[in-house]
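To start, the structure under review is shown below, and the notes come after it.
Residue numbers (this note's numbering): 130 to 262.
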């Protein structure tokens, strides 16, 4: 399911973000101008590939989603990721999320589980209410 893939991707995202942030604290000399430029180029390349993939997979074939939205959203994410690791954004003018509804759909914490696969807390809550009476 796509939500599980998204959850895994977000786990990797925050893991490597935290590694980079910690390295900046522990080894600031490591982040030279050349390294920062390499990181920017890596992000530009990633954004270009993501836009190309989005255009290939979705294109203009889904109502409400078009190539312009894909372009704007991926560039917005590129800026967001750069800021998250303490670097300046690389796409001026892409500061606002053009597809805020994606965040709602992609929220890994809202993944619903089958009742029998998840631990229910409803009984504990009901018990707490009765005990309080």
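Glycine included, C-beta positions come from ideal geometry on N, C-alpha and C.
Task: CA-to-CA distance, residue 136 to residue 233, given in whole angstroms - done: 13 Å
- Task: Tell whether a beta-carbon distance below 8 Å holds between residue 150 and residue 214.
- Result: yes
For residue 206 and residue 171, the rounded distance between their alpha carbons:
14 Å
*In the DSSP assignment, find the alpha helix (DSSP H) that holds residue 191 and state where it starts and stops.*
Element bounds for residue 191: n/a, residue is neither H nor E.
| message | Taking the straight line between their C-alpha atoms, what separation do you get for residue 217 and residue 204? | response | 13 Å
Quick one: what does DSSP say residue 170 is sitting in, helix, strand or coil?
helix
Rounded to a whole number of angstroms, what is the C-alpha to C-alpha distance between residue 174 and residue 187?
20 Å
Buried or exposed (CB count within 10 angstroms, at least 16 for buried), residue 197: exposed
*Contact check, residue 219 vs residue 200, beta carbons under 8 Å*: no
Among 229, 228 and 212, which has the Cα closest to the Cα of residue 221? 212
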